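S.K.:
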Amino acid sequence: MHASLFLSRQSCRSAGLPNASTATLFHANAAFLAALLGLAIVIASPVVGRAQETRSGYGPYPIIPGPYNHGPDSDPIEGTPRGTVTEYELLDSVVYPGIRRRYSVYVPAQYDGSQPAALMVFQDGHAYAGPGGDFRAATVFDNLIHRGEMPITIGVFVDPGTRGELPEKRGWNPRPTNRSVEYDTVSDDYARFLQEDLLPALPKELKITENPDLRAICGMSSGGICAFMVAWSQPDSFRKVVSHIGSFVDIRGGHVVSAVVRKAEPKPLRVFLQEGANDLDNRHGNWPLANLQLANSLDYKGYDYEFVYGDGEHNGRHGGTIFPDTLRWLWRDWSEQQP
Numbered sequence: 076m077h078a079s080l081f082l083s084r085q086s087c088r089s090a091g092l093p094n095a096s097t098a099t100l101f102h103a104n105a106a107f108l109a110a111l112l113g114l115a116i117v118i119a120s121p122v123v124g125r126a127q128e129t130r131s132g133y134g135p136y137p138i139i140p141g142p143y144n145h146g147p148d149s150d151p152i153e154g155t156p157r158g159t160v161t162e163y164e165l166l167d168s169v170v171y172p173g174i175r176r177r178y179s180v181y182v183p184a185q186y187d188g189s190q191p192a193a194l195m196v197f198q199d200g201h202a203y204a205g206p207g208g209d210f211r212a213a214t215v216f217d218n219l220i221h222r223g224e225m226p227i228t229i230g231v232f233v234d235p236g237t238r239g240e241l242p243e244k245r246g247w248n249p250r251p252t253n254r255s256v257e258y259d260t261v262s263d264d265y266a267r268f269l270q271e272d273l274l275p276a277l278p279k280e281l282k283i284t285e286n287p288d289l290r291a292i293c294g295m296s297s298g299g300i301c302a303f304m305v306a307w308s309q310p311d312s313f314r315k316v317v318s319h320i321g322s323f324v325d326i327r328g329g330h331v332v333s334a335v336v337r338k339a340e341p342k343p344l345r346v347f348l349q350e351g352a353n354d355l356d357n358r359h360g361n362w363p364l365a366n367l368q369l370a371n372s373l374d375y376k377g378y379d380y381e382f383v384y385g386d387g388e389h390n391g392r393h394g395g396t397i398f399p400d401t402l403r404w405l406w407r408d409w410s411e412q413q414p
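In this text, residue positions in the sequence shown follow the working numbering: the first is 76, and each later residue adds one.
Below you can see the structure in the form of structure tokens.
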């Protein structure tokens, strides 16, 4: 893990501070109380109804301020083999009858079919796959696979479903009509959709591992809670999770997730959470607080997890710039697994 992007929880604990970058003292008493009681809190702004420009991170999670800029692993590197990205349509569903969607499949240049590849599934796939967005996942895959920093991995970038004809282009306009049903519902429905509808539709020549430790799932906002719920409900299928600005709030019951994690027996998951202190705060809940609560629940139960807390808003800028390091952390011991 690159120290410039991730600050360890252990270093903050050993220093007795909730925020490794705090330079002022006027929040010291509240910080001490939060650390003493193990609370995940956000100090209110003196301006009612507005967030502070930079909030202190608690948990103990250091706040990593912007600006957030992409590094070299987010751009094509000369001499690095490039994989292919092919777009497909899924025109019906067993789990969501009458719902259609597009998806694309990334196949790395190194894949030759001699042994099963790892798998990573992305929700809101159109926002992750492209070369010019926040995440640039296909390019990052090219660079990290080439250097052996992650396994040879098939990437599946699936869009939310919509009823009726598919729009002319992938994207947010028009808004996919079935997105909230699929992503925000706290159930195993979407996990079943992956197993019963999407994965069987992939090109038959692709060999994908059945080892859940080599299968990851990723999403942002409502796609983040969706990714977590897939692994939570089917840990024998997916055990690696990446959530960017995850909506662990009460859109369709997601506010209960942190409590469920805290009370349930631990599951064999590795979880990466990214959140911004200036994320949404509305009638559904407070996104930073919800993510802090989930991170604390994961910590309480002894999960293999990382929580990166910035000062960003509800977008992919921070998550996109650290995406290469996120994947390094997620796949750090991949060579120890059998495909």
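Just so it is clear, CB atoms sit at the ideal spot from N, CA and C, and this is done for glycine as well. For clarity, every value in this text was computed on a predicted model and none was experimentally measured.
Could you say if the region 293-304 and the region 189-198 meet the contact criterion of at least three C-beta pairs nearer than 8 Å?
M.R.: Yes, since at least three Cβ pairs between the region 293-304 and the region 189-198 fall closer than 8 Å, the two stretches touch.
S.K.: Under three-state DSSP, which class holds Tyr258?
M.R.: DSSP places Tyr258 in helix when its eight states are reduced to three.
S.K.: Does the distance from the CB of Asp209 to the CB of Gly385 come in under 9 Å?
M.R.: Result no, Cβ atoms of Asp209 and Gly385 do not sit closer than 9 Å.
S.K.: In whole angstroms, give me the CA-to-CA distance for Asn353 and Thr396.
M.R.: Each residue's Cα considered, the two are about 17 Å apart.
S.K.: Under 9 Å between the Cβ atoms of Val317 and Leu405?
M.R.: In this structure, Leu405 lies closer than 9 Å to Val317 by Cβ.
S.K.: Let me know if Gln368 comes out buried or exposed under the rule of 16 or more other beta-carbons within 10 Å of its beta-carbon.
M.R.: By the 10 Å Cβ count, Gln368 comes out buried.
S.K.: Which full runs of the alpha helix (DSSP H) of 4+ residues lie inside the region 295-339, going along the chain?
M.R.: Within the region 295-339, the complete alpha helix (DSSP H) runs of at least 4 residues are 297-308, 332-338.
S.K.: Throw me the rounded Cβ distance for the Asp66 and Ser308 pair, which I believe falls under 8 Å.
M.R.: This structure cannot settle anything about residue 66, because the visible part of the chain is limited to 76 through 414.
S.K.: Verify whether the separation of the beta carbon atoms of Pro156 and Thr228 is less than 9 Å.
M.R.: For Pro156 and Thr228, no; Cβs fall outside 9 Å.
S.K.: Is Asn218 buried or exposed, if buried means 16 or more other CB atoms sit within 10 Å of its CB?
M.R.: Label assigned to Asn218: buried.
S.K.: What does the alpha-carbon distance come out to for the pair Ser333 and Glu153?
M.R.: Approximately 44 Å between the Cα atoms of the pair.
S.K.: Going straight from the alpha carbon of Glu162 to that of Gly329, what length do you get?
M.R.: Cα to Cα, Glu162 sits roughly 31 Å from Gly329.
S.K.: Of the residues Phe398, Asp408, Gly230, which one's Cα is nearest the Cα of Asp148?
M.R.: With distances taken between Cα atoms, Asp148 lies closest to Phe398.
S.K.: State the DSSP-derived secondary structure class of Ala184, mapped to helix, strand or coil.
M.R.: Here Ala184 sits in coil by DSSP.
S.K.: Ignore the nearest five residues each way along the sequence and tell me which others in Lys376's own chain have a CB closer than 7 Å to its CB.
M.R.: The residues are Val336, Arg337, Pro341.
S.K.: Counting Cβ pairs, one atom from each stretch, are 3 or more of them under 8 Å apart for the region 229-238 and the region 246-255?
M.R.: Contact between the region 229-238 and the region 246-255 is present, because at least three Cβ pairs lie under 8 Å.
S.K.: Could you give the residue range of the alpha helix (DSSP H) that holds Asp400?
M.R.: Per DSSP, Asp400 belongs to the alpha helix (DSSP H) from 398-405.
S.K.: Any idea if Leu402 is buried or exposed, counting beta-carbon neighbours within 10 angstroms, 16 or more meaning buried?
M.R.: It counts as buried.
S.K.: Counting only the same chain and skipping the five closest in sequence on each side, list residues whose C-beta sits under 8 Å from that of Glu285.
M.R.: Around Glu285: Pro191.
S.K.: On the three-state DSSP scale, how would you describe Tyr378?
M.R.: It is coil, neither helix nor strand.
S.K.: By how many angstroms is the C-alpha of Asp325 removed from the C-alpha of Ser120?
M.R.: At Ser120 the pLDDT is 30, less than 50, meaning the model places this residue with poor confidence; the figure from the coordinates comes in the next sentence. Whole-angstrom Cα-Cα distance: 23 Å.
S.K.: Do you know how far the Cα of Asp311 is from the Cα of Pro414?
M.R.: Cα-Cα distance, rounded: 14 Å.
S.K.: Determine the DSSP secondary structure at Val117, reduced to helix, strand or coil.
M.R.: Residue confidence for Val117 is low, a pLDDT of 37 falling below 50, so the modelled location carries little weight; the figure read from the coordinates is stated next. Reduced to three states, the DSSP call for Val117 is coil.
S.K.: Hey, how far is the Cα of Gly207 from the Cα of Tyr186?
M.R.: For Gly207 and Tyr186, the distance between alpha carbons rounds to 24 Å.
S.K.: Identify whether Ala352 lies in helix, strand or coil by the three-state DSSP scheme.
M.R.: In the structure shown, Ala352 sits in coil (DSSP, three-state: anything other than H, G, I, E or B).
S.K.: Going straight from the alpha carbon of Ile220 to that of Pro226, what length do you get?
M.R.: Those two C-alpha atoms are separated by around 6 Å.
S.K.: Quick check: the Cα distance between Asp288 and Gly360, rounded to an integer number of angstroms?
M.R.: Roughly 32 Å between the two C-alpha positions.
S.K.: Since Val180 and Asp272 are thought to touch, with beta carbons under 8 Å apart, how far apart are those beta carbons, to the nearest angstrom?
M.R.: Going by Cβ atoms, the distance from Val180 to Asp272 rounds to 15 Å, so no, they are not a contact pair.
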